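K.L.:
Going line by line, the protein sequences match chains A and B.
When the first sequence is numbered by the working numbering, its final residue is 1266 and no position is left out of the sequence of numbers.
When the second sequence is numbered by the working numbering, its final residue is 1266 and no position is left out of the sequence of numbers.
Glycine included, every Cβ here is placed at the ideal spot set by N, Cα and C.
Bear in mind that the values here come from a model prediction, so they are computed numbers and not experimental data.
2 protein chains.
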Amino acid sequence: MHKQKQQVMVEVRKLFTDFLENKGQRKTGERFMILEKLYERNDHIDAEALYNLINKQQHNVSRATVYNTLELLVESGLVMRHQFGQHYAEYEKAYGYRQHDHIICTECKKVVEFCDPRIQQIKTKMGELLEFNITRHELHLYGLCADCEKSKKESVAENVKEKVTAV
Amino acid sequence: MHKQKQQVMVEVRKLFTDFLENKGQRKTGERFMILEKLYERNDHIDAEALYNLINKQQHNVSRATVYNTLELLVESGLVMRHQFGQHYAEYEKAYGYRQHDHIICTECKKVVEFCDPRIQQIKTKMGELLEFNITRHELHLYGLCADCEKSKKESVAENVKEKVTAV
DNA sequence: CTCCATGCAAATTATTTGCATAGAC
DNA sequence: GTCTATGCAAATAATTTGCATGGAG
């Protein structure tokens, strides 16, 4: 299991190297450091947290470089950017990591991942129909999780009680 | 057709009125003005453009009010916020306007709307499975439109030619 | 040795906030 | 008359940019 992760890292470094060469971009240590940090984890992280993670631990990479590199990584397809809200973008490894989508609780902001094959059918169909060469997608379902749904019901009941008491 | 639009406007004003009353919020002219501007159009618009639209035309509504009202409208469900990228959020009427999703060209930023019933199946299924009460969704497909796909191919051909010439 | 990528801090953009006042209720 | 929503400008947050320098090619 651990070995598999090592293997992925090797492949990914190779892919990023090729990508940078093709673009005539330099292969700097900072860039590979950021790539690695993203591939070490199995969840999303935002730019600022990534910056802190790198700098508090050991190295010294500027915010500008973090943003610049994230852009490159997204362009290379090795990293996904998820824009959950206006001030809430997160990044996550994409290679060797099953394609998945997200359900977001609008109340507690909890994010749960899921996967449904029907999305692939939509992509294929719509790409054909509208003549787009579709490379990726983002699907977000919004609603209330079981907990927040329960709290809401209780709070409504509470309100009703208050009104009754008030009258 | 035009009459239908008038009819929608009446219904929507009524719904927004009820919403504001329920929240104990005031029914100000600015709020209804913004609601109307959004319902007059059949496409998306961003906060700044909406602000300009209102102020250049006739009235005088501050940015703060525009943002505040957009928030309320989204909360009421009468307006949808689409977050296409990190600096690219747009708003659009939601009531009496068929639910639809978007294909975005990553090159020229063109947005095409589409509708696929399979998305409803995913929502129902995943809501059940993960115990979420799903109220809405956002599906974005990203790729190259036919035009940009063509340009890309030509540009690649061009590059090859250059390299050959250079050697 | 050349020139791009980096670090840093200042700049920018979109959005939010604080405060005084107008106006909805 | 009361108190909230507004306008305005200043504040904030996330991201980008300009410039001098280090280091990849």
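State yes or no: is the beta carbon of A:I1221 nearer than 9 angstroms to at least one beta carbon in chain B?
P.N.:
Stepping through the first sequence from its first residue, residue 1221 of chain A is reached at position 122. With 9 angstroms as the cut-off, A:I1221 counts as an interface residue toward chain B.
K.L.:
Check each residue of the stretch 1128-1144 of chain A: if its Cβ is closer than 7 angstroms to any Cβ of chain B, include it; give the result in chain order.
P.N.:
Result list empty, no residue passes.
K.L.:
Give the secondary structure of A:K1192 by DSSP, where H, G and I count as helix, E and B as strand, and everything else as coil.
P.N.:
What you label residue 1192 of chain A is simply residue 93 of the first sequence in a count that begins at 1. The answer is strand: DSSP assigns A:K1192 an E or B state.
K.L.:
Does the stretch 1126-1145 of chain A come close enough to the stretch 1219-1230 of chain A that 3 or more CB-CB pairs lie under 8 angstroms?
P.N.:
In short, these stretches do not touch, since the Cβ pair count stays below three.
K.L.:
Does the separation of the CB atoms of B:Y1187 and B:D1145 fall below 9 angstroms?
P.N.:
In the second sequence, counting from the first residue as 1, residue 1187 of chain B sits at position 88. In the second sequence, counting from the first residue as 1, residue 1145 of chain B sits at position 46. Yes, the pair counts as a contact, with Cβ atoms nearer than the cut-off.
K.L.:
Using C-beta distances below 7 angstroms, list every residue in its chain close to B:G1176, excluding the 5 sequence neighbours before and after it, in chain order.
P.N.:
The residue given as residue 1176 of chain B occupies position 77 in the second sequence. Excluding sequence neighbours, B:G1176 sits near A1193.
K.L.:
Of the residues B:G1184, B:V1111, B:E1191 and B:R1125, which one's Cα is nearest the Cα of B:A1148?
P.N.:
As a first step, residue 1148 of chain B must be located in the second sequence, where it is residue number 49. Nearest of B:G1184, B:V1111, B:E1191 and B:R1125 to B:A1148, Cα basis: B:E1191.
K.L.:
The beta strand (DSSP E) spanning B:E1043 covers which residue range?
P.N.:
Residue 1043 of chain B is absent from the structure shown; chain B starts at 1100 and stops at 1266.
K.L.:
Tell me where the beta strand (DSSP E) around A:I1144 begins and ends.
P.N.:
The residue given as residue 1144 of chain A occupies position 45 in the first sequence. First-last for A:I1144: undefined, no H or E at that position.
K.L.:
Excluding the 5 residues flanking A:L1172 on each side, which residues of the same chain have their C-beta closer than 6 angstroms to its C-beta?
P.N.:
By one-based count along the first sequence, residue 1172 of chain A stands at place 73. Correct list, in chain order: V1178.
K.L.:
Mind checking which residues open and close the alpha helix (DSSP H) that includes A:R1180?
P.N.:
As a first step, residue 1180 of chain A is located in the first sequence; it is residue number 81 there, counting from the start. Unbroken run through A:R1180 is the beta strand (DSSP E), V1178 to G1184; no alpha helix (DSSP H).
K.L.:
When you compare the CB positions of A:L1238 and B:I1202, do they come within less than 9 angstroms of one another, or not?
P.N.:
Here residue 1238 of chain A corresponds to residue number 139 of the first sequence, with the count starting at 1. Here residue 1202 of chain B corresponds to residue number 103 of the second sequence, with the count starting at 1. Taking 9 angstroms as the Cβ cut-off, A:L1238 and B:I1202 do not qualify as a contacting pair.
K.L.:
Could you tell me whether the Cβ of A:Y1190 comes closer than 9 angstroms to any Cβ of chain B?
P.N.:
Counted from its first residue, the first sequence places residue 1190 of chain A at position 91. For A:Y1190, the answer is no, since every Cβ of chain B falls outside 9 angstroms of its Cβ.
K.L.:
Is the Cβ of B:H1211 closer than 9 angstroms to any Cβ of chain A?
P.N.:
Numbered from 1 along the second sequence, position 112 holds the residue referred to as residue 1211 of chain B. The identity of residue 1211 of chain B in the sequence shown is Val, whereas the question assumes His. By this cut-off, B:V1211 is an interface position.
K.L.:
With distances taken from CA atoms, which of B:E1212, B:D1200 and B:E1248 is nearest B:R1235?
P.N.:
As a first step, residue 1235 of chain B is located in the second sequence; it is residue number 136 there, counting from the start. That would be B:D1200, whose Cα lies nearest to the Cα of B:R1235.
K.L.:
Just list the residues that DSSP pairs B:E1248 with in beta bridges.
P.N.:
Here residue 1248 of chain B is taken as the residue at index 149 of the second sequence, counted from 1. Answer is none; B:E1248 lacks a bridge partner.
K.L.:
Of all the CB atoms in chain B, is at least one closer than 9 angstroms to the CB of A:Q1198?
P.N.:
In the first sequence, residue 1198 of chain A corresponds to position 99, counting from 1. It does not: the Cβ of A:Q1198 has no partner Cβ on chain B nearer than 9 angstroms.
K.L.:
Could you check which residue in B:N1151, B:L1169, B:D1117 and B:E1212 has the C-alpha nearest to that of B:Q1198?
P.N.:
Here residue 1198 of chain B refers to the residue found at position 99 of the second sequence. If we check each option's Cα against that of B:Q1198, B:E1212 comes out closest.
K.L.:
Here's the rule I'm using: 16 or more other beta-carbon atoms within 10 Å means buried, otherwise exposed. How should B:Q1182 be labelled?
P.N.:
Against the second sequence, residue 1182 of chain B aligns to sequence position 83. It is buried - the Cβ of B:Q1182 has at least 16 other Cβ atoms within 10 Å.
K.L.:
Helix, strand or coil, according to DSSP, for B:D1269 in the structure here?
P.N.:
There is no way to answer for residue 1269 of chain B, as the model of chain B reaches only from 1100 to 1266.
K.L.:
Starting from the Cα of A:T1205, find the closest Cα among B:L1228, B:N1232 and B:K1252 and give me that residue.
P.N.:
Numbered from its first residue, the first sequence carries residue 1205 of chain A at position 106. Ranking B:L1228, B:N1232 and B:K1252 by Cα distance to A:T1205 puts B:N1232 first.
K.L.:
Quick one: grab the DSSP three-state call for A:V1165.
P.N.:
As a working mapping, residue 1165 of chain A is identified with position 66 in the first sequence. Correct three-state label for A:V1165: helix.
K.L.:
How many whole angstroms separate the CB atoms of A:H1143 and A:E1189, which I take to be in contact at a CB cut-off of 8 angstroms?
P.N.:
Along the first sequence, read from residue 1 onward, the residue named residue 1143 of chain A stands at position 44. Along the first sequence, read from residue 1 onward, the residue named residue 1189 of chain A stands at position 90. So it is a contact: roughly 4 angstroms between Cβ atoms.
K.L.:
With DSSP run on the structure shown, which of helix, strand or coil describes B:V1160?
P.N.:
The residue you call residue 1160 of chain B lines up with position 61 of the second sequence. B:V1160: coil per DSSP, three-state reduction.
K.L.:
Kindly indicate if chain B contains any beta-carbon less than 9 angstroms away from that of A:E1230.
P.N.:
Start at 1 with the first residue of the first sequence, and residue 1230 of chain A comes out as number 131. Closer than 9 angstroms to some Cβ of chain B, the Cβ of A:E1230 qualifies, so yes.
K.L.:
Give the residues of chain B in contact with A:K1224, contact being defined as C-beta atoms less than 8 angstroms apart.
P.N.:
The residue you call residue 1224 of chain A lines up with position 125 of the first sequence. Neighbours of A:K1224 on chain B, chain order: D1215.
K.L.:
Identify the residues that DSSP records as bridge partners of A:H1201: which are they?
P.N.:
For this step, residue 1201 of chain A is matched to residue 102 along the first sequence. A:E1212 and A:H1239, per the DSSP bridge assignment.
K.L.:
Give the straight-line distance between the Cα atoms of B:C1247 and B:C1207, rounded to the nearest whole angstrom.
P.N.:
As a first step, residue 1247 of chain B must be located in the second sequence, where it is residue number 148. As a first step, residue 1207 of chain B must be located in the second sequence, where it is residue number 108. So the two alpha carbons sit approximately 7 angstroms from each other.
K.L.:
As a quick exercise: from B:E1230, B:G1226, B:Y1241 and B:L1228, pick the residue whose alpha carbon is nearest that of A:E1230.
P.N.:
The residue labelled residue 1230 of chain A in the question sits at position 131 within the first sequence. Ranking B:E1230, B:G1226, B:Y1241 and B:L1228 by Cα distance to A:E1230 puts B:Y1241 first.
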